[in-house]
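Chains C and A are the protein sequences, given in the same order.
Under my numbering, the first residue of the first sequence is numbered 29, with each subsequent residue one higher.
Under my numbering, the first residue of the second sequence is numbered 912, with each subsequent residue one higher.
Where is the CB? At the ideal position from N, CA and C, for every residue including glycine.
Here is the structure we will look at.
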Amino acid sequence: MTVTPAVEILDIARRFGDIDALAGVDLRVEPGEFFGLLGPNGAGKTTLISVLAGLVRADRGSARVLGHDVVSDYRKARRMLGVVPQELVFDPFFSVRETLRLQAGYFGLSRNDDWIDEILHHLGLTSRANANMRALSGGMKRRVLVGQALVHKPPVIVLDEPTAGVDVELRQSLWAFIRKLNHDGHTIILTTHYLEEAESLCNRIAMLKAGRIVALDTTQNLLSSFAGLTVRLTAPELPRGWDAHVQRHEGAHYLLTLENYGELERLLAAFRQSGIAVAELSLQEADLEQVFLRIMKRAA
Amino acid sequence: MMPAFGSGWAALFYKELLRFWKVSFQTILAPMLTALLYLLIFSHVLESHVSVFDGKVRYSSFLVPGLVMMSVLQNAFANSSSSLIQSKITGNLIFVLLPPLSPLDIFGAYVMGAMVRGLVVGVGVFLVTLWFVPLSLEHPAWVVAFALLGSAILGILGVVAGIVADKFDQIAAFQNFLIMPLTFLSGVFYSIHTLPPFWQALSRFNPFFYMIDGFRYGFFGLSDVPPLTSFAVVATCCAALAALTLAMLKSGYKLRH
């Protein structure tokens, strides 16, 4: 039995003037996944989300949310989707509770104050429920944006840089809440510039550059296939021929990037042959930031 | 306490009502005061100098339907146009574009919200002016019909202006260079029969003239143009504008890229 994908994007393209914001993107996100969408500024992440949400019309291709086409069956598609926008926007006329009730109302939902109370509780907004939106701090406004995306209990939730400009404590609590949502069965699609966030939360990641997908795999596969090692060592000098691997160098302290453990063995052999003593050595497996930078460089 | 919403349209309509109700000093009381000032000043200055409908109606009484209709039209336009342009500029229009609201839902909510504000202000102006001026209500059905159509047309124009404009300045230009001149030159303060023939003829191309003339007929049973003619013109304008606006909403023009 085939499972309907949570999101299915087929050959989506969109041009703005002379720029291909999306140049033929194919993507499939399975139900229950925690999916990361990474890329530099201008890669097309927000455009892709906007196509899915019906805010932008694609020049070609199709997009579906749980089997419903976002153009021809937009009512059902939009009911399945909750979007937390990147920009901190709000309506200054209303309180937090009014904002959430109205948003639920736009989806045809009423008398769901119990769910709204639960959202307010999980987002730490209960004490500010009757405050006007203008009176909230930036972090609280961002929490309300998350609440607005959840108020109609969508099975698929898209968060466009939800922790941008947010303090550490709020970021941690948002991550915990988003993890809980995923654990409860919601499909999460996250775009973020915080790569440690993507590495920590996402099971699968797509990397976008100039409107194209340049990498698409599980987080673990991306880390192991492109990863390499970071080596910190202290030595009076490096053996000849290893300068190209140096990331940083301060006096006798070197930071090198190596492809794999085999290359580490060759480096240590080179030190032995040169008679150069290594005073200190530590290893660090590459993180997603390094994977990302290498993939972006390769795609250039 | 918020009502239970049966559909997305109802919630958006309620939001439009709540929006102007929360600032009712500015949206309802202020226009009422403005209209009252127009009545007191113009009737004081012109009562003994201007004759309308061959002297069958006092000038101050003649003014009231025009002022009521002017208030209805201007406030209906202001509600939908300001709501849309504010939402576009602040970015919170996204909360209306993300839900499964159809173009008709969006059109209906904004236009009916505008109509309610226009009519509330109009009724307020009418009630206040009753204290100062004797009025008759010969054909209340025409009063209601033209009030509804007039507020609908200006509500729709407000939606168009809100969609097309990118800045507050452009809405102000629409209001000051189109809506206000058409309103003031439509017979609010005078009967078009007092104008030279050229300007009389030109007035007949102004749809606002038919709204006000037909509305005034409902009060006095007197008009410059037969009420059925006025009704036909106004209803046709309303239908044409509605079709155009729905087409704009369906295409996503300036709302969805």
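Anticipated Cβ contact below 8 angstroms, C/Glu-61 with C/Ala-34, distance rounded: 7 angstroms
Beta-carbon gap between C/Arg-170 and C/Pro-120 smaller than 8 angstroms: no
Near-chain A residues of the segment 167-192 of chain C - C-beta to any C-beta below 9 angstroms: Gln-176, Ala-177 and His-180
Cβ neighbours of C/Ala-234 in the same chain (closer than 8 angstroms, five flanking residues each side left out): Leu-55, Phe-63, Gly-64, Leu-65, Leu-66, Ile-241, Ala-243 and Leu-244
Euclidean distance between Cα positions of A/Phe-1120 and A/Trp-920: 32 angstroms
A/Ala-1058 versus A/Met-1122: straight-line alpha-carbon distance, rounded: 8 angstroms
Beta-carbon separation (whole angstroms), C/Val-179 vs C/Leu-94, contact threshold 8 angstroms: Not a contact, Cβ separation roughly 18 angstroms.
Stretch pair the segment 1043-1050 of chain A + the segment 995-1002 of chain A: three plus CB contacts closer than 8 angstroms: no
Chain-ordered chain C contacts of A/Ser-918 [CB-CB under 9 angstroms]: Gly-133 and Gly-136
Straight-line Cα distance separating C/Arg-156 from C/Ile-217: 28 angstroms
Top-ranked residue by Cα proximity to C/Glu-58, from C/Gly-136, C/Asn-210, C/Val-112 and C/Leu-148: C/Asn-210
Other residues of its chain near A/Met-912: CB distance less than 6 angstroms, five sequence neighbours each side excluded: Any reading at A/Met-912 needs caution, since the residue's pLDDT is 49, under 50, leaving its predicted position unreliable; the model's value is listed next. Contacts found: none.
With 16 other Cβ atoms within 10 Å as the buried cut-off, status of A/Phe-924: buried
Contacts around A/Ser-992, its chain only, beta-carbon distance under 6 angstroms, and the 5 residues preceding and following it disregarded: Gly-1069, Ala-1072, Gly-1073 and Ile-1082
DSSP state of C/Gln-312 mapped onto helix, strand, coil: strand
Contact list for A/Pro-1014 against chain C, beta-carbon separation under 8 angstroms: Simply none; closest approach about 11 angstroms.
Under 7 angstroms (Cβ pairs) to chain A, residues found in the segment 32-51 of chain C: none
Residues of its chain near C/Ala-105, where Cβ-Cβ distance is below 6 angstroms and the 5 sequence neighbours each way are ignored: Val-93, His-96 and Val-98
Listed by chain order, chain C residues near A/Phe-1079 by CB distance under 9 angstroms: Result: empty, since nearest Cβ-Cβ is about 15 angstroms, beyond 9 angstroms.
Own chain residues within Cβ distance below 6 angstroms of A/Ser-998, not counting five before or after: Leu-1004
Same chain only: Cβ atoms within 8 angstroms of C/Glu-308, ignoring 5 sequence neighbours per side: Arg-260, Leu-261 and Thr-262
Beta bridge counterpart(s) of C/Asn-160 as assigned by DSSP: C/Ser-123
Option in A/Leu-1089, A/Leu-1012, A/Asn-986 and A/Val-983 with minimal Cα separation from A/Ser-918: A/Leu-1012
Entirely enclosed alpha helix (DSSP H) segments - the segment 1033-1082 of chain A, minimum 4 residues: 1051-1075
For C/Tyr-282, the residue or residues it bridges with in DSSP: C/Leu-261 and C/His-277
Contact with chain A by C/Arg-107, beta-carbon distance below 8 angstroms: yes
Nearest-angstrom Cα separation, counted from A/Leu-1008 out to C/Lys-208: 27 angstroms
Bridge-paired residues (DSSP) for C/Leu-12: As displayed, chain C neither begins before 29 nor continues past 328, which places residue 12 of chain C out of reach and without an answer.
First and last residue of the uninterrupted alpha helix (DSSP H) at A/Lys-999: 970-1001
8 angstroms Cβ cutoff, A/Pro-1011 in contact with chain C: yes
Cα-Cα separation, A/Ser-982 to A/Pro-1108: 28 angstroms
Residue-level contact to chain A via CB, C/Asp-119, 8 angstroms cutoff: yes
Environment of C/Ser-165 [buried if 16+ CB atoms lie within 10 Å]: exposed
Positions along the segment 64-75 of chain C whose CB lies within less than 8 angstroms of some CB in chain A: none
Nearest candidate by alpha-carbon position, reference A/Phe-964, set A/Ala-1153, A/Val-1136 and A/Leu-995: A/Val-1136
Where C/Asp-39 falls: helix, strand or coil (DSSP): strand
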